[in-house]
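Here is the structure we will look at.
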DNA sequence: CGAAATGTAATAAAGCCAGTTACAGATGGA
DNA sequence: TCCATCTGTAACTGGCTTTATTACATTTCG
């Protein structure tokens, strides 16, 4: 699986925004977030754009603009971030349609779809148990 | 996430082998499996090779060779298949090292590692609740 | 010995991802 | 009003992964 880093980037950005907020800086520009994540500001704007569409952050345009958390970090869980930035299902089906004249080829896709759905639900349930505030607390414990 | 289809291919192959076994055909060649999955036999040999290394199937070489299940389909769960064919972690970390002078950049990776580990465990636990026999039963219910 | 099948290397085509440049659009402040 | 600043997004690139395919050495049954 070509594991991408979208969830990592998004959670990093949110945790950094939560820390800045705690220090009195309510708004950060994509440049400032990119400096912590160590990537290009456009990558951050794309990620925060996903989070904005999901209602997790707000943005102000123009001069003196910036991003801020739309909700307290205790109330943003990782499953919301996951849903905001991850589009593809976890497991891919066949690239080419299986042989429909074989009973297995005919019925395997709905059967697998059900199993994969349950597995994704278990993953999402677990991600829902951790908030951005939790991640920030764990992060700051590394001294 | 560039979802690959390795788990799908492997489970399809195993379900087909379980059905063939029930019909008295204990051994299948990679060509026969490939005909149901509708892909190239080399793809099947690579997948079954992973499953052989994990002890889920056996193979006989030479003329009249073929693959067979190493254990009853009721005793092969999807988490074993997943572990056999999937190498990468579910979520990728940063491509480039984050800014270690930022407290978030410094501590985020171990914090995320712990969360990601729990999430993968939840996924694997769920996959462990379904066997190849379960998948085959579901598959044949599609009429 | 020879036919049949596996194991694997090498290669190609396609797609995804992160990074980057460029620029139009929005907006606060001088 | 004008300008500096920042967002939103398109376009492109390089690198990597995945699947498909060809080719061939190796194994083994009859």
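Residue numbers (this note's numbering), protein chains in the order written: chain V, 4 to 146; chain B, 4 to 146. Every residue gets a Cβ at the ideal spot worked out from N, C-alpha and C, and that includes glycine.
Supposed close pair residue i, residue j - CB separation, criterion 8 Å
| i | j | result |
| --- | --- | --- |
| residue 94 of chain B | residue 18 of chain V | At roughly 15 Å, the Cβ-Cβ gap does not stay under 8 Å, so residue 94 of chain B and residue 18 of chain V are not in contact. |
| residue 139 of chain B | residue 21 of chain B | 5 Å |
| residue 134 of chain V | residue 79 of chain V | 6 Å |
| residue 40 of chain V | residue 23 of chain V | Wrong, their Cβ atoms sit about 13 Å apart, outside the cutoff. |
| residue 55 of chain V | residue 62 of chain V | 6 Å |
Contact list for residue i against chain B, beta-carbon separation under 7 Å
| i | result |
| --- | --- |
| residue 113 of chain V | 145 |
| residue 92 of chain V | 6 |
| residue 84 of chain V | None at all; the shortest Cβ gap to chain B is about 11 Å. |
Assigned secondary structure, residue i (DSSP; H/G/I helix, E/B strand, else coil)
| i | result |
| --- | --- |
| residue 145 of chain B | coil |
| residue 69 of chain B | strand |
| residue 4 of chain V | Note that residue 4 of chain V scores 49 on pLDDT, short of 50, meaning its location in the model is unreliable; the coordinates nonetheless yield the value given after this. Correct three-state label for residue 4 of chain V: coil. |
| residue 2 of chain B | The shown model of chain B, from 4 to 146, leaves out residue 2 of chain B, and the question about it has no answer. |
| residue 1 of chain B | Since the first residue of chain B shown is 4 and the last is 146, residue 1 of chain B is not available in this structure. |
| residue 93 of chain V | coil |
| residue 31 of chain B | strand |
| residue 50 of chain B | helix |
| residue 99 of chain V | coil |
Under 9 Å between C-beta atoms of residue i and residue j
| i | j | result |
| --- | --- | --- |
| residue 118 of chain B | residue 81 of chain V | yes |
| residue 51 of chain B | residue 84 of chain B | no |
| residue 87 of chain V | residue 57 of chain V | yes |
| residue 96 of chain V | residue 115 of chain V | yes |
| residue 121 of chain B | residue 77 of chain V | no |
| residue 101 of chain V | residue 90 of chain V | no |
| residue 145 of chain B | residue 110 of chain V | yes |
| residue 69 of chain B | residue 30 of chain B | yes |
| residue 99 of chain B | residue 11 of chain V | no |
Listed by chain order, chain V residues near residue i by CB distance under 8 Å
| i | result |
| --- | --- |
| residue 2 of chain B | In the structure as shown, chain B starts at 4 and stops at 146, and residue 2 of chain B therefore has no counterpart that could be examined. |
| residue 14 of chain B | 111, 115 |
Chain B contact residues for residue i, given Cβ-Cβ distances below 9 Å
| i | result |
| --- | --- |
| residue 54 of chain V | Ordered by position in chain B, no residue passes the 9 Å Cβ test against residue 54 of chain V, which lies about 16 Å from the chain. |
Neighbour list for residue i in chain V, Cβ cutoff strictly below 7 Å
| i | result |
| --- | --- |
| residue 133 of chain B | 118 |
| residue 121 of chain B | 129 |
| residue 11 of chain B | 94, 95, 96, 97, 115 |
Within chain V, partners of residue i - CB distance below 9 Å
| i | result |
| --- | --- |
| residue 100 of chain B | 41 |
Residues from the region 59-76 of chain B in contact with chain V, defined by Cβ distance under 9 Å: none
Where the region 29-49 of chain V meets chain B: residues whose CB sits under 9 Å from a CB there: 38, 39, 40, 41, 42
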